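Protein chains in written order, with my numbering: chain A, 121 to 361; chain B, 121 to 361. All C-beta atoms, glycine included, are put in the ideal place defined by N, C-alpha and C. Since we're looking at a predicted model, the values are computed, not measured. For reference, the structure discussed in these notes is given below.
Protein chains: 2
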Amino acid sequence: MSKETRKRIEVCFTPGGFEHFKNDFNVVVVIDVLRATSAICAAFEYGVNSIIPVPTIEEAWEYKQKGYLAGAERKGQIVEGFDFGNSPFSYMNPDFKGKDIVLTTTNGTKSLDVAKDAEIVLVASFLNLDAICNWIIQQQKDVVCLCSGWQDNFNLEDTICAGAISEKLINTGYFYSTEDSSIAAKYLYESAKKNHLGFIKSSSHRRRLKKLNLNKDVKYCLTPNQTSVIPILKDGKLVKL
Amino acid sequence: MSKETRKRIEVCFTPGGFEHFKNDFNVVVVIDVLRATSAICAAFEYGVNSIIPVPTIEEAWEYKQKGYLAGAERKGQIVEGFDFGNSPFSYMNPDFKGKDIVLTTTNGTKSLDVAKDAEIVLVASFLNLDAICNWIIQQQKDVVCLCSGWQDNFNLEDTICAGAISEKLINTGYFYSTEDSSIAAKYLYESAKKNHLGFIKSSSHRRRLKKLNLNKDVKYCLTPNQTSVIPILKDGKLVKL
Chain A
121 MSKETRKRIE VCFTPGGFEH FKNDFNVVVV IDVLRATSAI CAAFEYGVNS
171 IIPVPTIEEA WEYKQKGYLA GAERKGQIVE GFDFGNSPFS YMNPDFKGKD
221 IVLTTTNGTK SLDVAKDAEI VLVASFLNLD AICNWIIQQQ KDVVCLCSGW
271 QDNFNLEDTI CAGAISEKLI NTGYFYSTED SSIAAKYLYE SAKKNHLGFI
321 KSSSHRRRLK KLNLNKDVKY CLTPNQTSVI PILKDGKLVK L
Chain B
121 MSKETRKRIE VCFTPGGFEH FKNDFNVVVV IDVLRATSAI CAAFEYGVNS
171 IIPVPTIEEA WEYKQKGYLA GAERKGQIVE GFDFGNSPFS YMNPDFKGKD
221 IVLTTTNGTK SLDVAKDAEI VLVASFLNLD AICNWIIQQQ KDVVCLCSGW
271 QDNFNLEDTI CAGAISEKLI NTGYFYSTED SSIAAKYLYE SAKKNHLGFI
321 KSSSHRRRLK KLNLNKDVKY CLTPNQTSVI PILKDGKLVK L
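Next up, the structure:
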């Protein structure tokens, strides 16, 4: 890639704002740090074969009736009747190895649904930060990071992860940003850089998870580069790239 | 006000996101730094009697036919058939003194429309930053800053102005924020603090205005504390508090 043919890297704060970006990007990177996309990365690291993301609890339930391992999370908690939600630790289970898993979550599976028509849809978190950046740098494509947010509102942790990806790509000299949301994400990542957990301590979703005793999950989800897997959406299923 | 009865100061990035904040706040502070709310502040500083904000060009035109001074701006430019748009300098005109003026703009009048049912609706910009903060500190009310954004997308300059207001209020010890958008606005303002223009140089709307040769407007709009006027919405009209 030459400097003359630089590609765009932009940040979209919420699934609701994606309409503005929809038609201009080949690659969509879906981010839901706490915890859906972190859990998906962990699942592939620990050997699941595929993950079928579904937007509703009803669809997840139908799969479960058919014998699938199915997880469902709403508002940070496992939905009644399901065995797991979106804690990354649920997926570090030998029984899940080689299996096809179904998952619905409050925010993350919604943004996968919004992104699904793009040429390439990837799943990112702090856990696979370097791996996903290195792969994207090899492509000559325009990229948008789609933050899942919280019930279609801005959230800090997804924005900072998107800012981290942007910074890494822009630092190569082959990518640039034009949107104010992308510039803000980069500044917020710079403020956060020295201490991920410290910066996000004040975030509303972290407080929500702390109340549910999920601090261990939060710490894991904010630790960069635990895996080199890159989950990609193929025919409605997430698989390892 | 005692520390035990602290009030909230939150930041909403776009008019489209206001639904989430709508019912929880007594005071809405509408911000459209480049340039609607800056122009409105300048207009009152230079002696206009009232400003009637209208959402559509058609409504502005009807007022014009009735003999009102009517301004209309879309995408940074004066709409054909109108004499002025939202350049603050248009309002520094002796002919406007004591007059009732009608105005429609791309983003700013839209957020005034979204906010209009709140108990108190104020207009803020960098131009009246200290004045509006000092007045709000006297009230015992929950406050939300409503950024006008750009066509319902996040923008930097409004967010940073909202971050400046938040910081001033929180520093008194009598206000607090809980939303991630508010925390982000405060961090972005901290990054911007040393050099307003420098930080916003990269913003997309500033680039848009630069192309239209509106650098003089941008510089004026980013200069804090040029006036102590506080425009307030009363029965559909903006007047001086």
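- Query: Using a Cβ cut-off of 8 Å, which residues of the stretch 290-309 of chain B contact any Cβ in chain A, in chain order?
  - Reply: Thr298, Glu299, Asp300, Ser301, Ile303, Ala304, Tyr307 and Leu308
| task | Provide the residue span of the alpha helix (DSSP H) that contains Leu289 of chain B, from first to last. | result | Leu276 to Asn291
Closest to Leu223 of chain A by CA distance: which of A:Leu189, A:Leu276, A:Gln260 and A:Lys321 is it? A:Leu189
CB contact below 8 Å: Phe138 of chain B versus chain A = no
Q) Is it buried or exposed for Arg155 of chain B, if we count other Cβ within 10 angstroms and need 16 for buried? A) buried
Whole-number beta carbon distance between Gly201 of chain A and Ile221 of chain A, since they are thought to touch under 8 Å: Between Gly201 of chain A and Ile221 of chain A the Cβ distance is about 16 Å, and since that is not below 8 Å, they are no contact.
Exercise for review: Tell me whether Gly205 of chain B is buried or exposed, calling it buried when 16 or more other Cβ atoms sit within 10 Å of its Cβ.
Suggested key: buried
Query raised in the report: Which residues, in order along the stretch 204-231 of chain A, keep a beta-carbon less than 9 Å from a beta-carbon of chain B?
Result: none
Exercise. DSSP three-state call for Ala156 of chain A: helix, strand or coil?
Worked result: helix
Original post:
Which term fits Asn143 of chain B, buried or exposed, when burial requires 16 or more other beta carbons within 10 angstroms of its beta carbon?
Top reply: exposed
With a threshold of 8 Å between beta-carbons, can Ser268 of chain A be considered close to chain B, or not?
no
Next on the checklist: Tell me which residue opens and which closes the alpha helix (DSSP H) that Leu329 of chain B is part of.
Outcome noted: Ser324 to Lys331
Quick one: list the residues of chain A neighbouring Thr279 of chain B, beta-carbon separation under 9 Å, in chain order. Asp300 and Ala304
Can you give the Cα-Cα distance for Tyr211 of chain A and Leu308 of chain A, rounded to whole angstroms?
30 Å
Q | For Pro208 of chain B, three-class secondary structure by DSSP | A | helix
(request) For Arg327 of chain B, count neighbouring Cβ atoms within 10 angstroms of its own Cβ and tell me buried if that reaches 16, exposed if not. (result) exposed
Identity of the residue in B:Val349, B:Lys357, B:Leu353 and B:Ile320 nearest Gly167 of chain B by Cα: B:Val349
Note to self: For Ile303 of chain B and Cys341 of chain B, what's the separation of their Cα atoms in angstroms?
What the structure shows: 24 Å
- Item | Lys354 of chain B, enclosing beta strand (DSSP E) - first and last residue | Pro351 to Lys354
So what's Glu193 of chain A in DSSP terms, helix, strand or just coil?
strand
Which residues share a DSSP beta bridge with Phe319 of chain B? DSSP output for Phe319 of chain B lists no bridge partner at all.
Hey, could you find the ends of the alpha helix (DSSP H) Thr229 of chain B is sitting in? Gly228 to Ala235
Comparing alpha-carbon positions, which option in A:Asp215, A:Ser324 and A:Val147 lies nearest Ile257 of chain A? A:Val147
Secondary structure of Phe246 of chain B, DSSP reduced to three states: helix
task = Tell whether a beta-carbon distance below 8 Å holds between Gln346 of chain B and Leu247 of chain B.
result = yes
| request: Kindly list the residues whose CB is nearer than 8 Å to the CB of Gly218 of chain B, restricted to its own chain and excluding five residues on each side of it in sequence; keep chain order. | output: Gly167, Val168 and Asn169
In chain B, what lies closer than 8 Å to Ser323 of chain A by C-beta?
-> Asp300 and Ile303
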